[in-house]
Amino acid sequence: SFEDFRADVQLTFENAMKYNEEQTVVHDMAKVLKKKFDLDYNKMLMSLDEDHAENSSGEVSVPLLVPGEVPVQLQIARIVAV
Numbered sequence: 001s002f003e004d005f006r007a008d009v010q011l012t013f014e015n016a017m018k019y020n021e022e023q024t025v026v027h028d029m030a031k032v033l034k035k036k037f038d039l040d041y042n043k044m045l046m047s048l049d050e051d052h053a054e055n056s057s058g059e060v061s062v063p064l065l066v067p068g069e070v071p072v073q074l075q076i077a078r079i080v081a082v
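With UniProt numbering, the residue at position 70 of the sequence shown is 70, and numbering never jumps.
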């Protein structure tokens with residue numbers, strides 16, 4: 001589920017901050033990426049909620065890809081893969 005995914009990603013960042021001292025690169029990057037993930041994840045959820053509200057037929061809509069623009073889902077996947 002989305003919530004399981006979010007919890008796993010959050011745990012990764014929390015562990016990175018817990019097991020690496022403050023002022024280290026790993027700790028600082030985990031803090032930055034955690035904030036970025038939270039913002040982008042919430043944007044993605046809001047986008048999904050809007051799509052669901054507009055589409056009462058139960059069908060799932062897929063956003064069009066705009067050349068040069070990276071979808072939020074791929075941005076999250078890139079952050080997670082780092």
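C-beta atoms are modelled at their ideal positions from N, C-alpha and C, and glycine is treated no differently.
Given the structure is predicted, the values throughout are model-derived calculations rather than measurements.
Taken atom to atom, the span from the alpha-carbon of N42 to that of E50 is near 12 Å. T24: not part of any alpha helix (DSSP H); DSSP gives it neither H nor E. About 4 Å separates the Cβ atoms of F13 and K34, confirming a contact at the 8 Å cut-off. Scanning its chain for C-beta atoms nearer than 7 Å, with the 5 sequence neighbours on each side dropped, one finds around E21 the residues H27, in chain order.
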